[in-house]
Every structure is written in C-alpha cells, then in structure tokens.
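S.K.: I have a structure I would like to understand better, so I am pasting it below and will then ask my questions one at a time.
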Amino acid sequence: MIPASPPRADREVRVRAPGKVNLSLRVGARESDGFHPLATVFQAVSLFEEVVARPSNDLRVTVSGQHADRVPTDMTNLALLAAQLLAAHTGIEAGVHLHLHKAVPVAGGMAGGSADAAAALVACDALWGTGLPREELVELAAQLGSDVPFPLIGHTAIGTGRGHLLAPAMSRGEYHWAFAVREQGLSTARVFGVFDELIAGATGLEPEADRALMQALRAGDPHALGRALHNDLQHAALELAPSLAEPLAVAQDAGALGVLVSGSGPTVAALARSRQHALVIAAAMTAAGVADEVMTAVGPVPGARVIQTTRGSAAVGGTDDSD
Ligand SMILES: C[C@](O)(CO)[C@H](O)COP(=O)(O)OP(=O)(O)OC[C@H]1O[C@@H](n2ccc(N)nc2=O)[C@H](O)[C@@H]1O
Ligand SMILES: Nc1ncnc2c1ncn2[C@@H]1O[C@H](COP(=O)(O)OP(=O)(O)OP(=O)(O)O)[C@@H](O)[C@H]1O
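Its first residue numbered 1, the sequence shown is counted upward by one per residue in full-length UniProt numbering.
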C-alpha cells in the first residue's frame, strides 16, 4: 500500500456529473453472465449530481437533495464503492468523506447513482493526486455498473456490450426535455426480468434500426429525433407500473415531439420543441396530476468534471479536463 500524500484537512474537490436519457435502447436476449447485450444511444442531460470529496480517515458518505432519504449510506452506495475501487486499483491508503447532492431522480432510470460513482472517481482521483487518465477511470467505472462509464464521458454516445462500451456520437444543437418523475422507483434488475418474460427469447438487437436517429442528431433535427426515440424496456416498465401510460399520453397531447420511458424507468421523458415548450409540457403533466414531480432539462451536456477545488477557504476554480 502506498500512503497518499497527506491532503490538507481543509481541502475539498467538487465534481458535477450528469444524468442521462437513452434516446434509443435496444435489448438482446439475456446471456449466460446474467446481462443483456444492448445497443443504446445515450444523451447526457442537465440534471447534475454534485459530489464533494474531503479528506477523512475512513470511507463515508452523506447525502442531501432530491429524495436523499432513499439513498443508502453504507458500503452499497455506488459512490463509496467507486472510492474503494480507486484506492484498491492505485494501491493508495486513503479515506474520503463524500457528500452527494442529488438532482437526478433516485431509481428513476436516469443513472443518478451511476453519475455519483463517476463523480466520485473523478473527485477522489483529484483529492488523492492519483492522476489517472480518463480512459483508465472509464475502465474502473465499467466494473461498478453498466451505466457508470457514460456519465464520465457525457455528451452523446453509443453504448454496446452491457451498455458500458462507449463510442462518441455526433450531435448538433440542443434538445429540450420535460420529465415526469414517479416517487416510487423501479428496480433495473426487475425490469430486465419482466422484459425476459415478455420477449420469451424472441428478439434481435437491430442497432441498424437507429440510422434515422443518428441522422436526426447529426442534422440537429428535434422533430426527426422525436419520431426515432425507442425503448425496448418500455413494455416491461409499463407492465410493472401501468400508470406510466398517463404521463406518456399527457405529454403527447401537449405536443411533445416524442415520448418514452427513460432507461428502465419509471421516469417519463418528453422531447419538446424549445425550452418554453418543455415548461408547457411539464405544466400540463402537473395540471393533469400524472407525475409526483416534473423537471425540465437540456442535452447534450459534458461528462463528470471538477468544478471547484478548495484549499482552506480559497476556491481555486475548476480544473476542467473532461472535454
Ligand atoms: C437500463 C440501463 O439504464 C440502460 O442504460 C442500464 O442497462 C442499467 O445499467 P445499471 O443500472 O448500471 O445496471 P447494472 O448495475 O450494471 O446491473 C443491474 C442489473 O440490471 C440487469 N442488466 C443490466 C445491464 C444489462 N446490460 N443487462 C442487464 O440484464 C442485470 O439484472 C443486473 O444485475
Ligand atoms: N449514490 C446512489 N444514489 C442513488 N441510489 C443509489 C446510490 N448508490 C446505491 N444506490 C442504490 O441503487 C438503486 C438505483 O439507483 P439509481 O438512482 O442509480 O437508479 P437508476 O437511475 O434507475 O439507475 P439506472 O438508470 O443506472 O438503471 C437505488 O434504489 C439505491 O438502492
């Protein structure tokens, strides 16, 4: 074990990492490792998790913000697992206190926990001075969960394998979203389980079906993107939570260019014509009482980045190297 160079007790590193929407999610049949092969297109959206890392003798986490009470603070927390993995990988003997400020819905299909883990990798790497290249952090991220590499990269990317193998995708312009959030989350493993029952072995991956979607992104055409949105897990999510049909219908009636369940759900994502239109869709969903909460966001946005490093009371500003 290499002892970490003792960080000043008053030093802190603040990192921001985005949530995601799967613009397209195509799922193949479960493989022998228990996972499904995916062909997906991720877009990072402007709901940001913030993680602050401070020196500590042990590994500990505190949580504030959106539904903080539903986030575990034991060693099952993905951010703590990320810190532990980085310490083991670099052979460093160091603790950390991670504070998570949540803005991405918990268990909402938008990879909030994964964003925390990605942010924790970047924050601990900076706090401990381990200085790993981003590609090495991405490899560690994949060991933590299928969705963890993407919030490190951000922007728009194609995911294959378990969803963890990423290739950047070209995207022009801004896309505006309204989200209907349901308080009661859905378990990702359960949604994949219901997917298995529904498809009963009859599925192909068909990533080539996303040609229109990729073309829409290259052209910066939200109308074409709206028509191309696709989620193979949507049926399974609706089976487990049939009331999700309501926000989908209300958003459609409010003129959304496309609507879908985000990832494994239960968050419903509606693509709008503009920021103003996203607010109109959000207001329609609130008025109809079809969401516990509504949010709006824009995408694509960058991946996990240091937004502030503080030594003592002096903030020394971001050290953004993520793009
Ligand atoms: C639905 C998505 O959000 C789409 O991006 C992701 O595939 C989910 O990624 P995640 O939450 O990071 O998932 P993991 O923590 O890797 O896996 C949780 C559980 O989901 C199922 N799972 C996940 C990914 C995958 N490609 N196939 C699966 O069957 C497995 O049952 C697994 O035990
Ligand atoms: N830092 C964390 N934030 C939120 N949940 C966490 C965290 N660490 C572990 N968890 C556990 O993971 C579960 C799923 O959390 P998360 O918010 O990442 O779901 P999700 O957005 O549906 O994930 P994904 O879209 O990647 O499938 C939670 O119910 C919680 O028990």
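Where a beta carbon is used, it is the ideal one built from N, C-alpha and C, also for glycine.
It should be emphasised that the depicted structure is a prediction, and the values quoted were computed from it without experimental measurement.
Can Ser32 be considered in contact with ligand 1, in the sense that its beta carbon sits closer than 7 Å to one or more heavy atoms?
M.R.: Here the question's residue 32 lines up with position 32 in the sequence shown. Outside the cutoff, so no.
S.K.: Just confirm the distance between the C-beta atoms of Ala39 and Leu233, as a whole number of angstroms; I'd bet it's less than 8 Å.
M.R.: In the sequence shown, the residue the question calls residue 39 occupies position 39. In the sequence shown, the residue the question calls residue 233 occupies position 233. In fact, because the Cβ distance is near 13 Å, the residues do not count as touching under 8 Å.
S.K.: Can you determine whether any heavy atom of ligand 1 sits closer than 7 Å to the C-beta of His36, and answer yes or no?
M.R.: The residue labelled residue 36 in the question sits at position 36 within the sequence shown. Within the cutoff, so yes.
S.K.: If you scan the UniProt domain "GHMP kinase C-terminal" (213-289) from start to end, which runs of the alpha helix (DSSP H) of 4 or more residues do you find wholly inside it?
M.R.: Qualifying alpha helix (DSSP H) stretches, in chain order: 222-228, 234-240, 245-253, 275-287.
S.K.: Output the boundary residues of the alpha helix (DSSP H) element that contains Phe35.
M.R.: Reading the sequence shown from its first residue, position 35 is the one you call residue 35. First-last for Phe35: undefined, no H or E at that position.
S.K.: Quick one, which of Gly159, Gln252, Gln143 has its alpha-carbon nearest Asn22's?
M.R.: Here residue 22 refers to the residue found at position 22 of the sequence shown. With distances taken between Cα atoms, Asn22 lies closest to Gly159.
S.K.: DSSP state of Asp323, grouped into three classes?
M.R.: Indexing the sequence shown from 1 puts residue 323 at position 323. Model confidence at Asp323 stands at a pLDDT of 37, short of 50, so the residue's coordinates are unreliable; what they give is reported in the following sentence. Reduced to three states, the DSSP call for Asp323 is coil.
S.K.: Rounding to the nearest angstrom, what Cα-Cα distance links Val15 and Ala216 in this structure?
M.R.: Numbered from 1 along the sequence shown, position 15 holds the residue referred to as residue 15. Numbered from 1 along the sequence shown, position 216 holds the residue referred to as residue 216. C-alpha separation (whole angstroms): 31 Å.
S.K.: For the beta strand (DSSP E) containing Gly95, list its first residue and its last residue.
M.R.: The residue given as residue 95 occupies position 95 in the sequence shown. 95-102 is the span of the beta strand (DSSP E), which, as asked, contains Gly95.
S.K.: For Ser32, count neighbouring Cβ atoms within 10 angstroms of its own Cβ and tell me buried if that reaches 16, exposed if not.
M.R.: Within the sequence shown, the letter at position 32 stands for residue 32. By the neighbour-count rule (16 or more Cβ atoms within 10 Å), Ser32 is not buried but exposed.
S.K.: Let me know the secondary structure DSSP gives Gly193 once reduced to three states.
M.R.: Your numbering for residue 193 matches position 193 in the sequence shown. Gly193: helix per DSSP, three-state reduction.
S.K.: Counting only the same chain and skipping the five closest in sequence on each side, list residues whose C-beta sits under 7 Å from that of Ser114.
M.R.: Position 114 of the sequence shown, counted from the first residue, corresponds to residue 114. If we look at Ser114 and ignore the five residues flanking it on each side, its Cβ neighbours are Leu78, Gly145, Asp147, Val148, Pro151.
S.K.: Is the closest heavy atom of ligand 1 to the C-beta of Phe192 under 7 Å?
M.R.: As a working note, residue 192 is residue 192 in the sequence shown. It does: the Cβ of Phe192 is within 7 Å (strictly closer) of some heavy atom of ligand 1.
S.K.: Any heavy atom of ligand 2 closer than 7 Å to the Cβ of Ala107?
M.R.: Taking the sequence shown and counting its residues from 1, one reaches residue 107 at position 107. Answer for Ala107: yes, Cβ within range of ligand 2.
S.K.: Note the first and the last residue of the continuous beta strand (DSSP E) segment covering Arg305.
M.R.: Taking the first residue of the sequence shown as position 1, residue 305 is located at position 305. From DSSP, the beta strand (DSSP E) with Arg305 extends over 305-311.
S.K.: For Val71, verify whether its CB is less than 7 Å away from any heavy atom of ligand 2.
M.R.: In the sequence shown, counting from the first residue as 1, residue 71 sits at position 71. Flag set: Cβ of Val71 near ligand 2.
S.K.: Let me check understanding here. Comparing Cα to Cα, which of Ala228, Val181, Arg134 lies closest to Ala103?
M.R.: Position 103 of the sequence shown, counting from 1, holds the residue named residue 103. Residue Val181 is the option with its Cα nearest to Ala103.
S.K.: Between Pro222 and Gly289, what straight-line distance do the alpha-carbon atoms span, to the nearest angstrom?
M.R.: Numbered from 1 along the sequence shown, position 222 holds the residue referred to as residue 222. Numbered from 1 along the sequence shown, position 289 holds the residue referred to as residue 289. One C-alpha to the other measures close to 27 Å.
S.K.: Which partner residues does Ser56 have in the DSSP bridge list?
M.R.: Looking up residue 56 in the sequence shown gives position 56. Gly95.
S.K.: By DSSP, does Gly65 sit in helix, in strand, or in coil?
M.R.: In the sequence shown, counting from the first residue as 1, residue 65 sits at position 65. If DSSP states are grouped into helix, strand and coil, Gly65 belongs with the strands.
S.K.: Find the nearest neighbour of Leu86 within the set Glu49, Arg134, Asp74, Met110, judged by alpha-carbon distance.
M.R.: Here residue 86 is taken as the residue at index 86 of the sequence shown, counted from 1. Ranking Glu49, Arg134, Asp74, Met110 by Cα distance to Leu86 puts Arg134 first.
S.K.: With three or more beta-carbon pairs closer than 8 Å as the criterion, would you say the stretch 184-201 touches the stretch 261-271?
M.R.: Because the criterion of three Cβ pairs below 8 Å is met, the stretch 184-201 and the stretch 261-271 touch.
S.K.: Taking only beta-carbon positions, decide if Ala269 is within less than 8 Å of chain B.
M.R.: Absent from the structure is chain B; it holds one protein chain and no more.
S.K.: Using a Cβ-Cβ cut-off of 7 Å (strictly less than) and excluding sequence neighbours within five positions of Gln252, which residues of its own chain qualify?
M.R.: Counted from its first residue, the sequence shown places residue 252 at position 252. Here the set comprises Val259.
S.K.: For ligand 2, I want to know if Leu166 counts as a neighbour, meaning its beta carbon is within less than 7 Å of at least one of the ligand's heavy atoms.
M.R.: Residue 166 sits at position 166 when you count from the first residue of the sequence shown. No; taking the cut-off as 7 Å, the Cβ of Leu166 has no heavy atom of ligand 2 nearer than that.
S.K.: Would you identify the three-state DSSP class for Gly318, choosing helix, strand or coil?
M.R.: Here residue 318 is taken as the residue at index 318 of the sequence shown, counted from 1. Low confidence applies to Gly318: its pLDDT is 49, below 50, so where it sits in the model is not reliable enough to give any reading.
S.K.: What residues match up with Trp177 in a beta bridge as DSSP calls it?
M.R.: For the purposes of this step, residue 177 is taken as residue 177 along the sequence shown, with counting starting at 1. According to DSSP, Trp177 bridges with Leu271, Ala297.
S.K.: Kindly indicate the opening and closing residues of the beta strand (DSSP E) around Leu166.
M.R.: As a first step, residue 166 is located in the sequence shown; it is residue number 166 there, counting from the start. First-last of the beta strand (DSSP E) with Leu166: 165-168.
S.K.: I'd like to know whether the C-beta atoms of Met214 and Ala169 end up nearer to each other than 8 Å.
M.R.: Position 214 of the sequence shown, counting from 1, holds the residue named residue 214. Position 169 of the sequence shown, counting from 1, holds the residue named residue 169. Result yes, Cβ atoms of Met214 and Ala169 sit closer than 8 Å.
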